[in-house]
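Structure first, commentary second.
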Amino acid sequence: MKPTQQKTFDKALFQDNVKRHLTATYASTVEHANSRLWYLAMGRALAELTTFDLLETEQDERIVNAKSLNYLSLEFLIGRLTGNNLISMGLYEQIAEAMAELGLSLTDILEEERDPSLGNGGLGRLAACYMDSCAAQEYPTVGYGLHYEYGLFKQSFEDGHQKEAPDAWGGVEGYPWEVARPELKQEIGFYGHVEVTQENGVEKRRWVPGMLVQAMPWDLPIVGYQSETVYPLRLWECRAIAPFSLESFNNGNYFEAQHALIDAGNITKVLYPNDNHEKGKTLRLMQQYFHSAASVRDILRRHEAAGFALADLPKQETIQLNDTHPTIAIPELMRILIDERELSWDEAWAICSHTFAYTNHTLLPEALETWSESLIQRLLPRHMEIIYQINHLFLQEVRAKWPGDVSKQQKLSVIEEGFHRMVRMANLCVIGSYAVNGVAALHSELVKRDLFPEFNELYPGRLQNVTNGITPRRWLKFCNPGLSALISAKIGDEWPAHLDQLEAISQYADDKTFQQQFMAVKKENKQRLADWVKEHMDIELDTNAIFDVQIKRLHEYKRQHLNMLHILSLYHRLVNDASFDMHPRVFFFAAKAAPGYHLAKEIIYAINKIAEKVNNDPRVSDKLKVVFIPDYRVSMAEIIIPAADVSEQISTAGKEASGTGNMKMALNGALTIGTMDGANVEIREEVGDDNIYIFGLEVDGVEALRAQGYNPYDFYHADPLLKASLDLLLGDEFTPGMPGKLRTTYDSLLDGGDPYLVLADFASYVAAHQAIDEQYRDQAGWAKKAILNTALVGKFSSDRSIRDYVNNIWKLEAIKR
Numbered sequence: 000m001k002p003t004q005q006k007t008f009d010k011a012l013f014q015d016n017v018k019r020h021l022t023a024t025y026a027s028t029v030e031h032a033n034s035r036l037w038y039l040a041m042g043r044a045l046a047e048l049t050t051f052d053l054l055e056t057e058q059d060e061r062i063v064n065a066k067s068l069n070y071l072s073l074e075f076l077i078g079r080l081t082g083n084n085l086i087s088m089g090l091y092e093q094i095a096e097a098m099a100e101l102g103l104s105l106t107d108i109l110e111e112e113r114d115p116s117l118g119n120g121g122l123g124r125l126a127a128c129y130m131d132s133c134a135a136q137e138y139p140t141v142g143y144g145l146h147y148e149y150g151l152f153k154q155s156f157e158d159g160h161q162k163e164a165p166d167a168w169g170g171v172e173g174y175p176w177e178v179a180r181p182e183l184k185q186e187i188g189f190y191g192h193v194e195v196t197q198e199n200g201v202e203k204r205r206w207v208p209g210m211l212v213q214a215m216p217w218d219l220p221i222v223g224y225q226s227e228t229v230y231p232l233r234l235w236e237c238r239a240i241a242p243f244s245l246e247s248f249n250n251g252n253y254f255e256a257q258h259a260l261i262d263a264g265n266i267t268k269v270l271y272p273n274d275n276h277e278k279g280k281t282l283r284l285m286q287q288y289f290h291s292a293a294s295v296r297d298i299l300r301r302h303e304a305a306g307f308a309l310a311d312l313p314k315q316e317t318i319q320l321n322d323t324h325p326t327i328a329i330p331e332l333m334r335i336l337i338d339e340r341e342l343s344w345d346e347a348w349a350i351c352s353h354t355f356a357y358t359n360h361t362l363l364p365e366a367l368e369t370w371s372e373s374l375i376q377r378l379l380p381r382h383m384e385i386i387y388q389i390n391h392l393f394l395q396e397v398r399a400k401w402p403g404d405v406s407k408q409q410k411l412s413v414i415e416e417g418f419h420r421m422v423r424m425a426n427l428c429v430i431g432s433y434a435v436n437g438v439a440a441l442h443s444e445l446v447k448r449d450l451f452p453e454f455n456e457l458y459p460g461r462l463q464n465v466t467n468g469i470t471p472r473r474w475l476k477f478c479n480p481g482l483s484a485l486i487s488a489k490i491g492d493e494w495p496a497h498l499d500q501l502e503a504i505s506q507y508a509d510d511k512t513f514q515q516q517f518m519a520v521k522k523e524n525k526q527r528l529a530d531w532v533k534e535h536m537d538i539e540l541d542t543n544a545i546f547d548v549q550i551k552r553l554h555e556y557k558r559q560h561l562n563m564l565h566i567l568s569l570y571h572r573l574v575n576d577a578s579f580d581m582h583p584r585v586f587f588f589a590a591k592a593a594p595g596y597h598l599a600k601e602i603i604y605a606i607n608k609i610a611e612k613v614n615n616d617p618r619v620s621d622k623l624k625v626v627f628i629p630d631y632r633v634s635m636a637e638i639i640i641p642a643a644d645v646s647e648q649i650s651t652a653g654k655e656a657s658g659t660g661n662m663k664m665a666l667n668g669a670l671t672i673g674t675m676d677g678a679n680v681e682i683r684e685e686v687g688d689d690n691i692y693i694f695g696l697e698v699d700g701v702e703a704l705r706a707q708g709y710n711p712y713d714f715y716h717a718d719p720l721l722k723a724s725l726d727l728l729l730g731d732e733f734t735p736g737m738p739g740k741l742r743t744t745y746d747s748l749l750d751g752g753d754p755y756l757v758l759a760d761f762a763s764y765v766a767a768h769q770a771i772d773e774q775y776r777d778q779a780g781w782a783k784k785a786i787l788n789t790a791l792v793g794k795f796s797s798d799r800s801i802r803d804y805v806n807n808i809w810k811l812e813a814i815k816r
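This is how it looks when you write it as structure tokens:
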């Protein structure tokens, strides 16, 4: 169904509304307004339309009475909303025309929007895609996150080093799409003690918090594609309940007067504070509890307002925990049901354990969240009691299943024994959820085989798979209008809601005219990226070169340093081997390193110093360029992804849970070079061996190499090209007059033991790149492979992911408005 707005869109009225906001909201005039103010006024005028539909959706009796998904995630990397919402509302062309009549370019105005940086990377972007797909398919949904004042840091480079600056994404004027919902605010407690009383001989326990704060909700509209459905992404902001003490102020104690305000404000001040010190850890756990408690209370409020009994909560609501960050919601719901609603333990657990589902995103042991028992005890004393009781009853199950097997109890217990006892959040999630899913077929099998084999035996069928997906609205229709138009001209315009229709494009893979059209679009996208690089980084790029792209968080397991070693090998050969020839290539990196992750920051520094030298070395000419784009974010990805010829997905096999950048670039006609890891395995199944470049050890090979005792020096000494490439990091080739400045990466790969097997996969990686180089010289053959990548990855729509969740886990019904 086409949206009401499109059928009744009144251009003159809309223009009047924009001008009204310009004057009344932003105190400017048509004559004096700059682009930023026009963007804000336009955003407010559009938000009036979505807020109306948000309230209509919220109050629709069919939706109120239907089962709902509640998606709890500490990250939602939603990207700029304006352009994407215009696509979903079916108003892009009309708004462009309306603004043009006011003398403004919509494209220019959209550039004024700062990304709401409410996430770190893939996990937060996945949450955003899932919200989009729930709304597009009209499954009743509320997303719950945090309203961080400062998002993930703004990244810049200073002499090649990463520098971090605060990112106040909302700006001083606020974000035009958000709407405050003060009538839905909640009170949340911390610290305090547990009060024990006797009632008719029955012991009652009640938490008396020592600190109370207010959770203030802000709703962002998640607009259903070509429908009137708008679901809320509800973001909680922490505020003090009594923010100001007039008595302290009058007594001259100005700091004390604002103490509550400062304490409360810190909770949602920053996305993921550094937690490598005790205060940071406390703040991080406070964020998690604040988010979970406010969300659980809101879910119960909606449930009871609709007239449903508490016992029916699992029938009406499902709560999806996106990773372990919202785990504390499990004991919080138990606390409310037992202490506040006076249900028995068994009644409460029957409700709780059938309401939660959990998505596991990692196999890395260091990424599996644990919290010190003493910290939870201090911050949330009643919750710690409930966790003990959950664990006590669970260990009875374990003893019944494996009598006398103490090692099983130790491994599965929620409490990890040791000098500092720790609470294992992933174990608590598996015990307290009715379904647990991994995010790609390989990952889910490894979760069952390696991470949770005993849980899989104890709870058969609980561990499942839902392969990740991406929304085709943002990641093709919006970010790549040229390719979208070309596809629609061939197969019609229904594919953004039915991505499997793209398979029809495969019939044109050998069509010379279509190949040329497809590659012409790619060339235009490459030119747009090249123009951006020229304007912002003053580097001249040749769009006839292969654009080779690696964009993701900087982490050793993602192996940006393997990519860097390959670049060093090409540089070495270009400089030292007169017979060596290669097709010109531009290597693009974009990545942020966690502020406390020293080696990741050193890899960024090394890549930047190599780029400085390579890009200005006359011996290399234009054969090789390296571009590290600063401050990677969703809006930057929207420029880079359509321009990519080659997609780098090169994690050590068994380490990347899924990846979604691999899906986005394949959808936009890039060829993947990748290991058999994460969703690369399934991409290969879809596009076929001929249309992907797989290299390196597989999971079993990785395990076998480690088992026999991996020594990186064996590979270093056996491969002259690898040795020559690595040795370039030791001298002053890239840091003139300062030898050894890039040695940190070298040391991590040799003396550090190369934990992610970079050197073991190097030769295979170089050979795969050589095959890419040869193939690209045959442009018709390359075009065919690129077209088939776009045509055959329809499976990786987040719409399909959501349908998998709906059919296998959530059991929802779509409500069409």
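Take the sequence shown: its letter number 737 is residue 736 in numbering that gives the first Met the number 0, and every next letter is one higher.
C-beta atoms are modelled at their ideal positions from N, C-alpha and C, and glycine is treated no differently.
Quick one, are the C-beta atoms of residue i and residue j less than 7 Å apart?
i: ILE329; j: THR354; result: no
i: MET421; j: GLU415; result: yes
i: ILE640; j: MET664; result: yes
i: PRO115; j: ILE77; result: yes
i: GLU74; j: GLY121; result: no
i: VAL466; j: ALA439; result: In the sequence as presented, Val is not what sits at residue 466; that position holds Thr. Closer than 7 Å, so yes.
i: ALA767; j: ILE682; result: no
i: ILE814; j: ARG233; result: no
i: THR369; j: ALA656; result: no
i: ALA762; j: HIS571; result: no
i: GLN185; j: ALA293; result: yes
i: TRP235; j: GLU177; result: no
i: MET581; j: ALA782; result: no
i: PHE795; j: GLY437; result: no
i: ALA636; j: GLY658; result: no
i: LEU39; j: PRO175; result: yes
i: ALA592; j: LEU553; result: yes
i: MET88; j: VAL222; result: yes
i: TYR224; j: ARG398; result: no
Tell me whether residue i is buried or exposed, calling it buried when 16 or more other Cβ atoms sit within 10 Å of its Cβ.
i: HIS192; result: exposed
i: ASN667; result: buried
i: TYR579; result: The residue asked about is misnamed: residue 579 is Phe in this sequence, not Tyr. Answer is exposed; the Cβ neighbour count stays below 16.
i: ARG820; result: What the structure shows of the chain is the stretch from 0 to 816, and residue 820 is not part of that stretch, so it cannot be assessed.
i: SER747; result: buried
i: SER797; result: buried
i: ILE350; result: buried
i: ASP689; result: exposed
i: VAL207; result: exposed
i: ARG19; result: exposed
i: ASN575; result: exposed
i: ARG448; result: exposed
i: PHE418; result: exposed
i: PRO231; result: buried
What distance in whole Å lies between the Cβ atoms of residue j and residue i, which are believed to be in contact at a cut-off of 8 Å?
i: TYR764; j: GLY695; result: 6 Å
i: ALA356; j: TYR433; result: 6 Å
Are any of the Cβ atoms in chain B nearer than 7 Å to that of residue i?
i: LEU85; result: No chain B is present in this structure, which holds just one protein chain.
Exercise for the section: Check whether the stretch 137 to 145 touches the stretch 63 to 72, taking contact to mean three or more Cβ pairs, one atom from each stretch, closer than 8 Å. Expected result: yes
Problem - Segment contact flag, the stretch 729 to 743 with the stretch 768 to 777, C-beta cutoff 8 Å, min 3 pairs - result: no
Exercise for the section: Can you check the stretch 415 to 457 for any alpha helix (DSSP H) of at least 4 residues that lies completely inside it and give the ranges in chain order? Expected result: 424 to 431, 440 to 445 and 452 to 457
Practice task
Spell out a yes or no on whether the stretch 97 to 105 and the stretch 6 to 14 are touching, meaning 3 or more CB-CB pairs, one atom from each, closer than 8 Å.
Solution key: yes
Exercise for the section: Take every Cβ of the stretch 550 to 568, pair it with every Cβ of the stretch 602 to 619, and state whether three or more of those distances are shorter than 8 Å. Expected result: yes
Practice task
Determine contact between the stretch 163 to 174 and the stretch 128 to 137, defined as no fewer than three beta-carbon pairs at a distance below 8 Å.
Solution key: no
Practice task
Return the chain-ordered ranges of every beta strand (DSSP E) run that is complete within the stretch 332 to 368 and spans a minimum of 3 residues.
Solution key: 355 to 358
Handout entry: In chain order, each alpha helix (DSSP H) run of at least 4 residues that lies wholly inside the stretch 603 to 685
Key = 633 to 639 and 660 to 666
Problem - Stretch-stretch touch, CB-based, cutoff 8 Å, three pairs: the stretch 634 to 649 with the stretch 448 to 458 - result: no
Exercise for the section: Answer yes if the stretch 520 to 534 comes into contact with the stretch 471 to 489, meaning at least three C-beta pairs across the two stretches below 8 Å, and no otherwise. Expected result: yes
Exercise for the section: Let me know the alpha helix (DSSP H) ranges lying completely inside the stretch 101 to 173, each 4 residues or longer, listed in chain order. Expected result: 105 to 109 and 121 to 136
Problem - Completely contained beta strand (DSSP E) runs for the stretch 186 to 214, where each covers 3 or more residues - result: 192 to 198 and 201 to 207
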